[in-house]
Amino acid sequence: MSDDKTVTDFSEVSIDPTAAEMLQIAEERGIETVFSRVREIKPCSTGATSGCCKVCAMGPCRVIGKYERGVCGATRETIAARNFLRQVAAGAAAHSDHGRDAALALKAIAVGEIEEGTIADEIKLVRVAGYLGIDPTGKDVMTLVGEVADAALAQFGQQAGELAYVARAPKKRQELWRSCGVMPRGVDREIVESMHRTHVGTDQNYHSLLDGAIKCALSDGWGGSMLATDLQDILYGTPKAIRSSANLGVLSESKVNVVVHGHEPLLASMIIDATREPVMTELAKSLGADGINVVGLCCTANESLMRQGIAPAGNMLHQELAVLTGAVEAMVVDVQCIFQGLDDVSSHFHTMFVTTSPKAVIGNSLHIVVDEHRPREAAREIVRRAIENFPNRKDVHIPNVSEPLIAGFSHEYIRYMLGGKMRASLNPLNENIVNGRIRGVAAVVGCSNARSVQDFAVVNIVRELIANNVLVVATGCAAITSGKHGLLTPETMEYAGETLREVCETVGIPPVLHVGSCVDNSRILTILADVVATGGLGDDIAGLPAVALSPEWFSEKALDIATYVVGSGAHVIFSGVGSPVANSPIVEEYMISGWTERYGGSLRFIKEPQDAVVAALDLIDNARKALKIDVPQERVLFDMDMRREL
Ligand code: NFS
23 MSDDKTVTDF SEVSIDPTAA EMLQIAEERG IETVFSRVRE IKPCSTGATS GCCKVCAMGP
83 CRVIGKYERG VCGATRETIA ARNFLRQVAA GAAAHSDHGR DAALALKAIA VGEIEEGTIA
143 DEIKLVRVAG YLGIDPTGKD VMTLVGEVAD AALAQFGQQA GELAYVARAP KKRQELWRSC
203 GVMPRGVDRE IVESMHRTHV GTDQNYHSLL DGAIKCALSD GWGGSMLATD LQDILYGTPK
263 AIRSSANLGV LSESKVNVVV HGHEPLLASM IIDATREPVM TELAKSLGAD GINVVGLCCT
323 ANESLMRQGI APAGNMLHQE LAVLTGAVEA MVVDVQCIFQ GLDDVSSHFH TMFVTTSPKA
383 VIGNSLHIVV DEHRPREAAR EIVRRAIENF PNRKDVHIPN VSEPLIAGFS HEYIRYMLGG
443 KMRASLNPLN ENIVNGRIRG VAAVVGCSNA RSVQDFAVVN IVRELIANNV LVVATGCAAI
503 TSGKHGLLTP ETMEYAGETL REVCETVGIP PVLHVGSCVD NSRILTILAD VVATGGLGDD
563 IAGLPAVALS PEWFSEKALD IATYVVGSGA HVIFSGVGSP VANSPIVEEY MISGWTERYG
623 GSLRFIKEPQ DAVVAALDLI DNARKALKID VPQERVLFDM DMRREL
């Protein structure tokens, strides 16, 4: 990207044509956005690389250049690893809190606190009860809901032992976690311990700090996030394939537009329900609108797309752009990835900026809490106010751009697609990996970052991977990016390599599968564990021809996800911005070779997308070689004894 602040060729900041269209409006009207500020503010090179330590008041110490230690004697390695662990802990806290909130919502339903509270997937409820060690026999639904909620909540506060969900990982992995001392005990316990370890004068050995990062992240991946996914499926339904479309063109010229943005599905589902009430439609019509249109942003978009087909208006960098259309009556947000800049951009339009979480009040937002105690009432109030705001619209400019997509590929739905209802399984996937038609699997996950050209890296990496016969699963903003650029349809097969295309045509799936939101990266862990259990590809996640890429990462949650994926045995490649631990080449290298040796997975920061693809293909090919499937051969099927052993 050019550093010239006067540049107005907006195609330089995004490959999405809607961005240029909307930023032109921002410039004409003198409205600041993330895209203009990113040109003004240079990142601090000391902070960006972890050269800065600010955990005590003898500093902050800038341990760069000739300095090798901070005032207290902390080395570059300690400082880099300590900062990294703090970031992982923040990410794990944010992600796992979804699981807690979902458990609290279940609990509120069980005790009758939520009016009209319902359970969408009773089959999943029974399965999750099993994971949590609850016998569902003879229990009515609400009793079971209450017990599952209590058991889930107990996972957060558990002080000793092991998280219940680690039993879903391959046996070999569990043993490795025990022997490395990183088996997570309780979700909150590991996050608190991480904050303690990183307090000044506590853990000061980078190996130990980075083991702490693995343990903390595992408590989210195989704890908080996995619980969030499961409990949200129970509450709102387990996703199955669903059609929709993505980009700013999903906003309506003639209807009241309500944008739901943030992360938790409670808000979106309550808003959607409220808009469907006849009284609301009548009110909208009485004020000159054709109805009410709910669209999503960020991971709230993914949650409501997967379950209700709500169209995503865009990924994280689209939040201000949506308001710039002048067509948004209400921007309703809950938690995470919400720019404070939305407050200012909204003030230039009639848009009502509504915050709804007690955890997140932003600037001068209108704060109406939608929590598990009064969700419907609050949602109705927001929708009513949004409708009443419709007559205040002035100039509207909605780009006529959107792409169709298919989403909803939960682990359960992928099994169903591959094996049908009676023989749901991952067998065909494993067979096609073994016979080489599918070279490997890549998870393309994470954010969009204004420091890189919006969407460029994700789109190019996804296209290149499928052209190389790598099946892609996508989550988070990377999934929305894929959708905006038409990569989530069966027609994407035209970009796929010949053998991957054959498989996708036979099974009837696109070569890029939308697997969900960022907490749904836990679905990818479940798929990987199932691939191992299905047989023929080794006895651990480590060694599978699978790799994860986060091409445009920006948040601490992305670092948390990367770390639990590494701890689970897979290789992760981040691109876009540089390594957050680059001030310590020793730590940077340890995350590659040290973690590979210890956990079988690694974390690399490779700035250029094309180099990231080369590295990903190398990692996949090396895994195929080690599994001795680099030449096509028949798969060894596991018999019952071997499966039991697993
Ligand atoms: Ni993930 Fe979702 Fe997007 Fe990144 Fe933010 S919305 S939780 S952090 S930016 S993918």
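The numbering used here applies: residue 23 is where the sequence shown begins, and numbers increase by one. The C-beta atom is built at its ideal place from N, Cα and C for all residues, glycine as well.
A check of alpha carbon separations from residue 649 across 455, 284, 197, 526 identifies 455 as the nearest.
In the DSSP secondary-structure assignment, residue 97 is bridged to 91. As the crow flies, the alpha-carbon of residue 393 is around 12 angstroms from that of residue 131.
Annotation: the continuous alpha helix (DSSP H) that includes residue 241 extends over 228 to 241.
Exposed is the label assigned to residue 89, since fewer than 16 other Cβ atoms lie within 10 Å of its Cβ.
The beta carbon of residue 195 lies closer than 7 angstroms to those of 562, 563, 590, 591 in the same chain, with the five residues before and after it left out. By the beta-carbon neighbour count (other beta carbons within 10 angstroms, threshold 16), residue 38 is buried. If you check the C-beta of residue 579 against ligand 1, you find a heavy atom less than 6 angstroms away.
The stretch 361 to 376 and the stretch 86 to 100 do not touch, with fewer than 3 CB-CB distances between them shorter than 8 angstroms. Judged by the Cβ position, residue 94 fails to qualify as a neighbour of ligand 1 at the 6 angstroms threshold, every heavy atom of the ligand being at least this far. Excluding the 5 residues flanking it on each side, residue 600 has same chain C-beta neighbours closer than 8 angstroms at 70, 71, 627, 629, in chain order.
DSSP, read as helix, strand or coil, puts residue 585 in helix. Taking the Cα positions, residue 579 is about 14 angstroms away from residue 338.
Within the model, the alpha-carbon separation for residue 193 versus residue 430 is close to 29 angstroms. DSSP, read as helix, strand or coil, puts residue 431 in coil.
Beta-bridge partners assigned by DSSP to residue 436: none are found. Rounded to the nearest angstrom, the Cβ distance from residue 641 to residue 588 is 12 angstroms, too far for a contact under 8 angstroms. Rounded to the nearest angstrom, the gap between the Cα atoms of residue 557 and residue 528 is 22 angstroms.
The Cβ-Cβ distance between residue 465 and residue 480 does not fall below 7 angstroms. Pairing residue 261 with residue 227, the inter-Cα distance amounts to about 43 angstroms. Checking the 6 angstroms criterion, the Cβ of residue 121 is out of range of every heavy atom belonging to ligand 1.
Sequence-distant Cβ neighbours of residue 402 in its own chain, meaning closer than 6 angstroms and more than five residues away, are 296. Note: residue 353 is bridge-paired with 281, 375 in the DSSP secondary-structure output. Scanning the stretch 566 to 637 from its first residue to its last, the whole beta strand (DSSP E) runs of 3-plus residues come out as 568 to 572, 593 to 596, 625 to 627.
Residue 415 sits in coil when the DSSP states are folded into three classes, being neither helix nor strand. For residue 338, the Cβ falls inside the 6 angstroms cut-off from some heavy atom of ligand 1. Non-local beta-carbon contacts of residue 212 in its own chain, meaning distances under 6 angstroms to residues more than five positions away in sequence, involve 206, 237, 238, 241 in chain order. Contact between the stretch 500 to 520 and the stretch 468 to 478 is established, with three or more Cβ pairs separated by less than 8 angstroms. In the displayed model, residue 168 falls within a helix according to three-state DSSP. Assignment of residue 384 by DSSP, reduced to helix, strand and coil, places it in the coil class.
In this structure, residue 468 has its CB closer than 6 angstroms to one or more heavy atoms of ligand 1. By the CB criterion at 7 angstroms, residue 81 and residue 250 fall outside the cutoff. 267 is the residue among 379, 320, 267, 389 whose C-alpha sits nearest the C-alpha of residue 422.
Assignment of residue 139 by DSSP, reduced to helix, strand and coil, places it in the coil class.
Under DSSP, residue 535 takes part in a beta bridge, and its partners are 495. Distance from residue 270 to residue 40 at the Cβ level is roughly 5 angstroms; contact confirmed, criterion being Cβ atoms closer than 8 angstroms.
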